[in-house]
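As numbered in UniProt numbering, the sequence shown has no gaps in its residue numbers, which increase by one up to the final residue, 607.
Where is the CB? At the ideal position from N, CA and C, for every residue including glycine.
First up is the structure itself, then whatever we jot down about it.
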Amino acid sequence: DKGNHRHFMQKEIYEQPVVVAQTLKSYLRRLENQVAMPDMDFDLTAIHRVTIVACGTSFYAGMVAKYWFERFARIPVDLDVASEFRYRDPVLEPGGLALFISQSGETADTLAALRHCKANGQTIAVVVNVPTSSMAREADLLLPTHAGPEIGVASTKAFTCQLAVLAALAARFARVRGLMSAEDEAGIVEHLAEAPAGMNAALGHDEDIEAMAHLVAPARDVLYIGRGPDYPMALEGALKLKEISYIHAEGYAAGEMKHGPIALIDDKVPVIVLAPSGPLFDKTISNMQEVQARGGRVILISDAAGIAAAGEGCMATIEMPAVHPLIQPLVYAVPVQLLAYHVAVLKGTDVDQPRNLAKSVTVE
Ligand code: F6R
Numbered sequence: 244d245k246g247n248h249r250h251f252m253q254k255e256i257y258e259q260p261v262v263v264a265q266t267l268k269s270y271l272r273r274l275e276n277q278v279a280m281p282d283m284d285f286d287l288t289a290i291h292r293v294t295i296v297a298c299g300t301s302f303y304a305g306m307v308a309k310y311w312f313e314r315f316a317r318i319p320v321d322l323d324v325a326s327e328f329r330y331r332d333p334v335l336e337p338g339g340l341a342l343f344i345s346q347s348g349e350t351a352d353t354l355a356a357l358r359h360c361k362a363n364g365q366t367i368a369v370v371v372n373v374p375t376s377s378m379a380r381e382a383d384l385l386l387p388t389h390a391g392p393e394i395g396v397a398s399t400k401a402f403t404c405q406l407a408v409l410a411a412l413a414a415r416f417a418r419v420r421g422l423m424s425a426e427d428e429a430g431i432v433e434h435l436a437e438a439p440a441g442m443n444a445a446l447g448h449d450e451d452i453e454a455m456a457h458l459v460a461p462a463r464d465v466l467y468i469g470r471g472p473d474y475p476m477a478l479e480g481a482l483k484l485k486e487i488s489y490i491h492a493e494g495y496a497a498g499e500m501k502h503g504p505i506a507l508i509d510d511k512v513p514v515i516v517l518a519p520s521g522p523l524f525d526k527t528i529s530n531m532q533e534v535q536a537r538g539g540r541v542i543l544i545s546d547a548a549g550i551a552a553a554g555e556g557c558m559a560t561i562e563m564p565a566v567h568p569l570i571q572p573l574v575y576a577v578p579v580q581l582l583a584y585h586v587a588v589l590k591g592t593d594v595d596q597p598r599n600l601a602k603s604v605t606v607e
């Protein structure tokens, strides 16, 4: 049932504050100000390396998680898409945790990679949305997302719920490795608990974003750029746009622009820049200005301070609430989803059932 929404995808975008809150409920103990995890029958302190494997949007959640695991827990992370990982003979040493991320829990390549890791002595953790799925059943540690059934083929709410779980796991890792004080953990809990409100504030810009869709819909190519965790968010934005609007879109690490893609820039290629205030802001903005200097037309997604500092000369800006860096990816997911959605609606595509795509890819 779509309720009063036109498409399942739209409904699922709007459900995010509620389902992320629902998911966080099982990973945060608000009274004790602690992260909560299901019981583990292995020793998390003995884990020396994490291997993250997934496909598509779930892979981008894993990419964000790599930044968090490295930064907070100082644990080495290997990361790959399942279709490459399973055939590249990866080095899997004892004491490794293999972490698989999947909405369906049935994606063929991810499941095969899981079995390969299991056969090679890895402890298996899964972040899945379908608790009865194959991956859920075969895991040593099941970390469910509580997004509820996701009907739209393009993943939205499962993705932000994955991010919520992965952020909590990063904090737990940091804590058991002695890199995070109880006080800092309490801070993380506070910030994560603010994610639903941040996402609600982002949804408040839906009408502006709908109006902007006219700027993107005529394009043949669109670029998305960001740095740090906003790099995977740029990839995710580009994936959402291409899969439902059929416009060619690429996500790039902003610093890579001058190594090739800037050659594409002219006034017909909209460039979506994800640049929240923070340590990487100036660097990303200088890449944005290089684009503008070549006639590129930019939509800047930032907070009020970022837009005040760099919004002039942009074709459009989308203002996000100023939130803690940890929850920025959850908040910035919303505008890229909405932009893709409204462009697809303008183009008249089948938003919930895009051509050539299946909700669950159970064949390789
Ligand atoms: C993109 C999308 C796909 C899936 C991918 C993995 O919007 O939905 O890229 O993310 O097929 O599926 P799961 O998460 O079920 O393993």
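Identity of the residue in the options nearest residue i by Cα
i	options	result
leucine 466	His457, Ala454, Glu479 and Pro472	Glu479
tyrosine 330	Ser347, Lys485, Asp352 and Val432	Asp352
alanine 436	Ala417, Ala444, Ala407 and Glu450	Ala407
isoleucine 487	Asp427, Leu274, Leu523 and Leu581	Leu581
valine 459	Pro472, Ile490 and Leu446	Ile490
isoleucine 394	Arg537, Val541 and Met252	Met252
leucine 446	Ala492, Tyr584 and Gln535	Tyr584
alanine 497	Asp510, Leu482, Tyr474 and Pro519	Tyr474
glutamate 428	Glu275, Glu381, Thr592 and Gly471	Glu275
glycine 430	Ala601, Val307, Pro568 and Tyr257	Pro568
lysine 511	Arg463, Pro472 and Gly591	Arg463
histidine 448	Ala304, Val278 and Met563	Met563
serine 603	Leu354, Val534 and Thr403	Leu354
glutamine 265	Arg358, Val369, Gly503 and Ala440	Ala440
aspartate 509	Pro461, Arg380, Gln596 and Gln535	Gln535
glutamate 313	Leu422, Thr592, Gly591 and Gly503	Leu422
threonine 403	Tyr303, His248 and His434	Tyr303
lysine 268	Ala411, Leu523, Pro522 and Ser424	Ala411
valine 334	His248, Ala425 and Ala362	Ala362
Close Cβ partners of residue i (< 7 angstroms) along its chain, the five nearest in sequence each way excluded
i	result
valine 606	Ala351
methionine 476	Gly469, Leu517, Pro572, Tyr575, Ala576 and Val579
alanine 401	Gln346, Asn372, Thr388, Ala390 and Glu393
alanine 382	Ile367, Ala368 and Val369
alanine 552	none
aspartate 451	Ile561
Proximal residues to residue i (C-beta, below 6 angstroms), its chain only, five neighbours per side dropped
i	result
phenylalanine 315	Ala413 and Ala417
leucine 287	Val419
methionine 283	Leu384
alanine 341	Thr294, Cys360, Gln365 and Ile367
alanine 356	Val296, Ala325, Phe328 and Arg329
alanine 565	Asp546
isoleucine 256	Thr399 and Gln580
glycine 539	Ile508 and Val514
alanine 438	Val263, Ile570 and Leu573
lysine 309	Val320 and Leu322
Bridge-paired residues (DSSP) for residue i
i	result
serine 345	Val371
glycine 339	Arg292
proline 333	According to DSSP, which records beta bridges pairwise, proline 333 is partnered with nothing at all.
proline 513	Arg540
tyrosine 467	Gly494 and Ile515
glutamine 277	Arg272
aspartate 323	Val296
serine 545	Glu562
threonine 366	Leu340
Cutoff 8 angstroms; reference residue i; Cβ partners in own chain excluding five residues on either side
i	result
residue 210	Nothing about residue 210 can be read from this structure; the chain reaches only from 244 to 607.
glycine 554	Leu543, Ser545 and Thr560
arginine 292	Ile318, Pro319, Val320, Asp321, Glu336, Gly338, Gly339 and Leu340
alanine 456	Leu582, His585, Val586, Val588 and Leu589
lysine 526	Arg470, Ala497 and Gly498
Residue interval of the alpha helix (DSSP H) (run including residue i)
i	result
glycine 494	Unbroken run through glycine 494 is the beta strand (DSSP E), 491-496; no alpha helix (DSSP H).
glutamine 596	First-last for glutamine 596: undefined, no H or E at that position.
alanine 449	Per the sequence presented here, residue 449 reads as aspartate, with alanine not at that position. Its alpha helix (DSSP H) spans residues 449-459.
isoleucine 318	No alpha helix (DSSP H) contains isoleucine 318, which DSSP labels as neither H nor E.
glutamate 381	377-381
methionine 442	438-446
threonine 403	400-419
glycine 395	Where glycine 395 is concerned, there is no enclosing alpha helix (DSSP H), given that its DSSP letter is neither H nor E.
lysine 245	Careful: lysine 245 lies outside any alpha helix (DSSP H) and carries neither H nor E.
lysine 485	473-488
Distance between beta carbons of residue j and residue i, contact taken as under 8 angstroms
i	j	result
valine 594	histidine 250	5 angstroms
isoleucine 505	arginine 537	7 angstroms
proline 281	leucine 409	The pair is not a contact, with the Cβ atoms about 15 angstroms apart (cut-off 8 angstroms).
serine 529	glycine 549	Not confirmed; about 13 angstroms, so no contact.
valine 396	leucine 589	In fact, because the Cβ distance is near 19 angstroms, the residues do not count as touching under 8 angstroms.
glutamate 499	alanine 481	Actually they do not touch by this definition, with Cβ atoms about 13 angstroms apart.
arginine 415	valine 278	5 angstroms
methionine 306	phenylalanine 343	Not confirmed; about 14 angstroms, so no contact.
For residue i, the first and last residue of its enclosing beta strand (DSSP E)
i	result
tyrosine 584	Counting along the chain, tyrosine 584 falls outside any beta strand (DSSP E), though it belongs to the alpha helix (DSSP H) covering 571-590.
proline 387	384-387
alanine 559	559-563
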